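Top line first, the protein sequences correspond to chains A and B. Take the first sequence: its letter number 175 is residue 175 in full-length UniProt numbering, and every next letter is one higher. Take the second sequence: its letter number 200 is residue 200 in full-length UniProt numbering, and every next letter is one higher. Right, one structure below, let's go through it.
Number of protein chains: 2
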Amino acid sequence: MLHLVIAEAELELVPKSIADHSSVVNYARRRGKKPEEVLLDSTYHHPALKKLEDGERRGRPDIVHICLLNALESIANREGLLRVYVHTRNDEVIYVKPETRIPRNYNRFVGLMESLFKNRVVPRDLELLRMEEKSLGELVEEIEPDEVFVMSEGGTPTKPRDFGETLRSLENPLVIVGGFPHGDFKSEIPWNKISIYKAPLMAWTVVNEIIINFEHWVP
Amino acid sequence: MLHLVIAEAELELVPKSIADHSSVVNYARRRGKKPEEVLLDSTYHHPALKKLEDGERRGRPDIVHICLLNALESIANREGLLRVYVHTRNDEVIYVKPETRIPRNYNRFVGLMESLFKNRVVPRDLELLRMEEKSLGELVEEIEPDEVFVMSEGGTPTKPRDFGETLRSLENPLVIVGGFPHGDFKSEIPWNKISIYKAPLMAWTVVNEIIINFEHWVP
């Protein structure tokens with residue numbers, strides 16, 4: 001089983017310190033919600049983000065959305081070979097059941113995430129998505145993988161195919177992909193660092209490379 | 001060079017016959033546009049779609065969006081090994097320059113497509129995206145590939161890796177992926193049909209499998 005963690009994902013509700021900023025207030029009103037109930041989104045809250053630490057990388061639910069659509073619709077997931085987790089910048093972990101059908105429409109996905117932040121599970125009966133306060137280190141410990149790899153530009157250069165073969169040779173490998181638009185991990189990352197390309201790649205590109213080079217199935 | 005065509009994509013402006021439907025009128029007003037200037041979108045125009053032929057599959061700009069994000073950010077595209085085209089249900093072809101950075105935000109992507117339908121090129125200076133009236137057959141003829149493959153559930157069962165090797169053995173292979181949510185191609189498809197999985201896959205999953213199994217590069 002391959003465990004894939006989208007880590008330090010830029011997924012959060014609007015922080016209190018900018019909840020009264022006009023770009024946030026207007027956006028929330030347009031959607032019929034309170035400012036503190038809406039996801040931070042760089043497309044709409046750009047002026048307010050300038051006032052936040054790390055503002056140039058925060059508010060990117062789109063990255064999580066595309067990574068999840070690719071991972072959950074992959075052949076590896078259909079074959080029961082994949083588990084996906086999202087770890088956020090504020091140390092929350094989202095557990096995703098493999099049968100989850102993530103909304104294809106971005107605005108519906110945003111609504112779903114807002115509901116998850118509020119209720120900690122969605123939907124209430126099936127609990128396809130569940131959120132817990134947890135650090136990346138705690139999540140890794142809990143999964144008990146036989147090896148942990150972190151995808152990082154500064155890691156050991158490795159061909160995607162060769163990395164896929166390494167993953168296939170293990171029982172329970174865990175791969176960590178940064179869920180942020182650029183830059184490096186903020187927290188301590190004491191694991192094996194791997195680089196699959198000479199230049200930075202989008203998070204969903206790395207997710208696709210890992211999953212497809214890992215796949216081992218017979219038609 | 002691998003040529004990838006997202007074909008019969010469910011990408012179109014709202015058809016005249018439903019432009020006066022309340023779900024369309026309200027949606028257009030909310031966005032400050034005329035009903036005939038907005039993209040058909042099943043998330044918002046569901047009640048109106050019931051009145052259209054093929055209504056259960058139309059209005060899916062999200063499929064094109066995710067396929068383009070995956071293809072254009074792939075390693076193959078970064079390495080200059082890929083050309084991407086979108087062919088729509090109404091026989092328009094969108095030529096996509098490899099250096100195009102598609103908006104990550106879905107709503108911005110929708111705005112960009114609406115501008116493309118209106119102006120036929122965006123942006124006016126760089127012409128990263130260009131739309132022409134053209135059938136799938138005419139596009140294939142124009143590209144002059146050495147072989148054409150159509151991804152189809154009913155095609156010859158082929159492992160993704162083996163298909164990737166076939167593509168790599170050719171100079172200019174062309175692969176056609178249906179840009180619709182389910183069902184089969186509507187027009188005549190007189191080419192080699194390939195199936196890479198025992199069950200239907202989402203269009204973007206097939207795009208990822210093709211591109212990553214085709215990639216041949218050295219770090």
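We treat Cβ as the ideally placed atom computed from N, Cα and C, and that holds for glycine. Please read these numbers as outputs of a predicted model, since none were measured by experiment.
- One alpha carbon belongs to Glu141(A), the other to Arg83(B), and they sit about 43 Å apart.
- For Trp191(B), the closest Cβ of chain A is not nearer than 9 Å.
- With distances taken between CA atoms, Asp146(A) lies nearest to Val175(A) out of Asn119(A), Ser17(A), Val175(A) and Lys159(A).
- Going by C-alpha positions, Glu10(A) is about 35 Å away from Arg120(B).
- Around the beta carbon of Ala76(B), 16 or more other beta carbons lie within 10 angstroms, which makes this residue buried.
- Following the DSSP letters along the chain, one finds His65(B) inside the alpha helix (DSSP H) bounded by residues Pro61 to Leu72.
- Using beta-carbon distances, Tyr27(A) does not count as an interface residue toward chain B, since no partner is under 9 Å.
- Residues of chain A whose Cβ lies closer than 8 Å to the Cβ of Ser74(B) are, in chain order, Thr205 and Asn208.
- When C-alpha distances from Phe214(A) are compared across Ala71(A), Pro47(A) and His21(A), the shortest belongs to Ala71(A).
- Under DSSP, Pro173(A) shares a beta bridge with Glu147(A).
- Ser195(B) is bridged by DSSP to Pro157(B).
- In the assembly as shown, Ala7(A) is a buried residue. Its beta-carbon has 16 or more other beta-carbons within 10 Å.
- Residue burial annotation: Gly59(B) is buried, with at least 16 other C-beta atoms found within 10 angstroms of its C-beta.
- Burial state of Glu99(B) is exposed, judged by a 10 Å Cβ sphere holding fewer than 16 other Cβ atoms.
- For the stretch 63 to 89 of chain B, residues whose beta-carbon sits nearer than 9 Å to a beta-carbon of chain A comprise Ile63, His65, Ile66, Leu69, Asn70, Glu73, Ser74, Ile75 and Arg78.
- Interface criterion not met: the Cβ of Leu139(A) is under 9 Å from no Cβ in chain B.
- For Val96(A), the enclosing beta strand (DSSP E) covers residues Glu92 to Val96.
- Annotation for Val25(A): no beta strand (DSSP E) segment contains it, though the alpha helix (DSSP H) segment containing it runs Ser22 to Arg30.
- The Cβ-Cβ distance between Lys134(B) and Glu92(B) falls below 9 Å.
- Per DSSP, the unbroken alpha helix (DSSP H) holding Met113(A) starts and ends at Tyr106 to Asn119.
- Within its own chain, the residues whose Cβ lies closer than 6 Å to the Cβ of Ala19(A), once the five positions on either side in sequence are excluded, are Pro35 and Glu36, listed in chain order.
- Within chain A, the residues whose beta carbon sits less than 7 Å from that of Arg104(B) are Asp62, listed in sequence order.
- Around Ala199(A), the beta-carbon contacts reaching into chain B at under 9 Å are Arg78.
- Apart from sequence neighbours up to five positions away, the residues of its chain that approach Pro47(B) with a beta-carbon distance below 6 Å are Ser23, ordered along the chain.
- Look at His3(A) here: in three-state DSSP terms it is strand.
- For Ile196(B), a Cβ of chain A is located within less than 9 Å of the residue's own Cβ.
- Nearest CB-CB separation between Arg108(A) and chain B: below the 9 Å threshold.
- Against chain B, a Cβ distance below 8 Å from Thr166(A) picks out nothing, because the smallest value is about 15 Å.
- Between Asn107(B) and Glu12(B), the gap from beta carbon to beta carbon reaches 9 Å or more.
- At the C-beta level, Leu129(B) and Leu116(B) come within 9 Å of one another.
- In terms of beta-carbon proximity, Pro47(A) stays away from the interface with chain B, with every pair separated by 9 Å or more.
- If the five residues before and after Ile63(B) are omitted, its C-beta is found closer than 6 Å to the C-beta atoms of Gly179 and Ala203, all from its own chain and listed in chain order.
- Nearest to Lys33(B) by C-alpha distance, out of Gly154(B), Glu114(B) and Leu170(B), is Glu114(B).
- Listed along the chain, the chain A residues whose CB falls inside 7 Å of the CB of Met202(B) are Glu73.
- Taking 9 Å as the cut-off, the Cβ atoms of Gly154(A) and Lys193(A) count as close.
- One thing to note: Leu2(A) has its Cβ within 9 Å of the Cβ of Leu167(A).
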